[in-house]
Amino acid sequence: MTNIRKLINQIAIAESELYTTQFLAPCVKGGRVRTKVTGMVYTFIPKPNKFEGWGIFQPMDTKTAKVVEEADLPQIAEYLQHFPQIRLRLAHQLQGKTWLAYPVNEVDVRQRLQVVKPIAVHLVTEAGVFEQIIARWNGQSCWFEDIDRRTDPIIVETLQSAVKQLIPVEELKFKDLTPEIRTVYELATKRIEGFDQTKQDEKRLKKALQMGGGELNQFHDRGDYWTVDWTTADGVRHSSAIAKTDLTVISSGICLSGRDRDFDLQSLVAVMEQQE
């Protein structure tokens, strides 16, 4: 009984202090804000409920807290200092100020979070697609802190140019390209119209055949390779097995004395025409 009364007294003291307390917290659109008063954690619905950003909140009751004012940069910086930094690269916007990002260094993030995966970063300002950022992880959520000024801006420009040219992720090549950057590019382009993987595969095969003087009829996905039906310039049809990674020939469809893999799809066209 004594313990129960003690607990009731603690709750009463906490609630009396609650209404005179203002606290700083980040808030996503449609989300909740949280604070701890005398050891007790309270979760509130923000007012206005469409608020998104860093705010100074005043509890109205045990369930609702109003926005008194927006927090300034020094206050935000002080809040974030309590949590570890992680470096991420932005892939695409999810909604509002929340973006999907991917770790710059998979090994580092695996040590910190025990897992490597795309991460939602909240309250992103100033930064845009493919930019490298510094974020803070509080154990449950990731919050934007700043653009990472030490990264090479040429990487962002190169990736943005590749998107405009509809370059498939398999053909992405430039100095300082890392597996992590390739993953970010893939995450970003999956949502872009015109980057449908089947269409990209078709474009890639068409380009290789056209450069050799052939024409694509159709192709079928076989896992690690495609079965490609195509036609030479004089109208003769062929069916060949082509590796996805580098378009080398697995099986040409005719006898090449075991030298099929010496050719890629583009050079195969000339070989077939010579055979004919």
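Read in numbering that gives the first Met the number 0, the sequence shown has 223 at position 224, and its numbers run on one by one without any break. For every residue, glycine included, the Cβ atom is placed at its ideal position computed from N, Cα and C.
Going by other Cβ atoms of all chains shown within 10 Å of its Cβ, with 16 needed for buried, is residue i buried or exposed?
i	result
Gly54	buried
Gln57	buried
Gly38	exposed
Ala232	exposed
Pro25	buried
I think residue i touches residue j, with their Cβ atoms under 8 Å apart; what is that distance to the nearest whole Å?
i	j	result
Arg86	Gln131	6 Å
Would you kindly report the start and end of the unbroken alpha helix (DSSP H) that includes residue i?
i	result
Met210	Gln196 to Gly211
Ser160	Pro152 to Lys163
Who are the Cβ neighbours of residue i in its own chain at under 7 Å, not counting the five residues just before and after it?
i	result
Pro167	Gln199 and Arg203
Phe173	Thr157
Lys28	Lys49, Glu51 and Gly95
Thr42	Arg31 and Arg33
Leu171	Ala161, Arg181 and Tyr184
Tyr18	Pro58
Going by DSSP, what residue range makes up the beta strand (DSSP E) through residue i?
i	result
Ala119	Ile118 to His121
Tyr184	First-last for Tyr184: Pro178 to Thr188, but that is the alpha helix (DSSP H), not the beta strand (DSSP E).
Tyr101	Thr97 to Pro102
Ala76	Run containing Ala76: none in the beta strand (DSSP E); it sits in the alpha helix (DSSP H), Leu72 to Leu79.
Asp228	Tyr224 to Thr230
Leu215	Glu214 to Asp220
Asp145	Cys141 to Ile146
Could you check the C-alpha separation between residue i and residue j for me, to the nearest Å?
i	j	result
Asp145	Ile133	5 Å
Glu16	Asp60	11 Å
Ser239	Gly222	15 Å
Glu272	Gln209	14 Å
Phe218	Asp228	6 Å
Ile118	Asp107	14 Å
Gln92	Val128	8 Å
Pro45	Val67	11 Å
With a CB to CB cut of under 8 Å and the five nearest residues on each side skipped, what residues in its chain are close to residue i?
i	result
Val120	Leu87, Leu89, Thr97, Trp98, Leu99, Ala100, Ile132, Ala134, Cys141, Trp142 and Phe143
Glu69	Gly52, Trp53, Gly54 and Ile55
If you drop the 5 nearest sequence neighbours on each side, which residues of the same chain put their C-beta closer than 6 Å to that of residue i?
i	result
Arg284	For residue 284 there is no data in the structure shown, the boundaries of the chain being 0 and 275.
Gly213	Trp229, Thr231 and Val268
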